[in-house]
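Below you'll find the structure, written out as structure tokens, and then a few comments.
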Amino acid sequence: MKFAIVDVQGYIINNKFTVKELAIYDGKDVKSFLFKPTVNYHDLNTTDRKTANYLYHNIHGIPYETGDADYSEIQEILGNNLSSIDVVFVKGQAKADFLTENFVGWVDIVNLENDTTGEVPHLGSTKESCDNHKLKYCNCSIKNVYVLFDYVYNKLTGL
Ligand SMILES: [Zn+2]
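According to this note's numbering, the residues represented by the sequence shown are 13 to 171, in order.
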């Protein structure tokens, strides 16, 4: 069985989770993508703007307007990078739902939080984030995929 870890950080726009930073790790290479916003900041409604500010200042520190990948390509990116993968592990139901909705394919998507036989690592902010973030210690999907990969690998190999 070949597995990969996927993690995302994002914003909530019109009640929909929208990815900003995506990381995919299969144990060899981490692939990461930073997506352009789907709605300009100034066009966000008041609620979404407040949430965006909160997420930016307290959770992941990725500026709303940054990004170079086109959001319309997200399904293609997931498909291309998971073409040889059987199972994707993700931590968190919202992230699992997002992947299920955006990725119709051969891959099983498993939320690690539903696994009651182990202690899934807390994705805290103890290590430095990658350069996408304006906060030094915050939620970074690239950092997260390494932590979760080690956890799953050790669990599957019985270490
Ligand atoms: Zn990051």
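We put the beta carbon where it would ideally sit given N, CA and C, even for glycine. Note that the coordinates shown come from a computational prediction; the quantities given were computed from them, not determined experimentally.
Exercise. Measure the Cβ-Cβ separation of residue 121 and residue 42 and say whether it is below 8 Å.
Key: no
Quiz item: Can you tell me the Cα-Cα spacing of residue 165 and residue 25, whole angstroms?
Solution: 34 Å
Quiz item: Does the beta-carbon of residue 2 have 16 or more other beta-carbons within 10 angstroms, so that it is buried, or is it exposed?
Solution: Lying before the first or after the last residue shown, residue 2 is absent from the chain, which here runs from 13 to 171.
Quiz item: Does DSSP put residue 18 in a helix, a strand or coil?
Solution: Three-state DSSP puts residue 18 in a strand.
Practice problem: State yes or no: is the C-beta of residue 154 nearer than 7 Å to some heavy atom of ligand 1? | Solution: yes
Quiz prompt | Secondary structure of residue 30, DSSP reduced to three states | solution = strand
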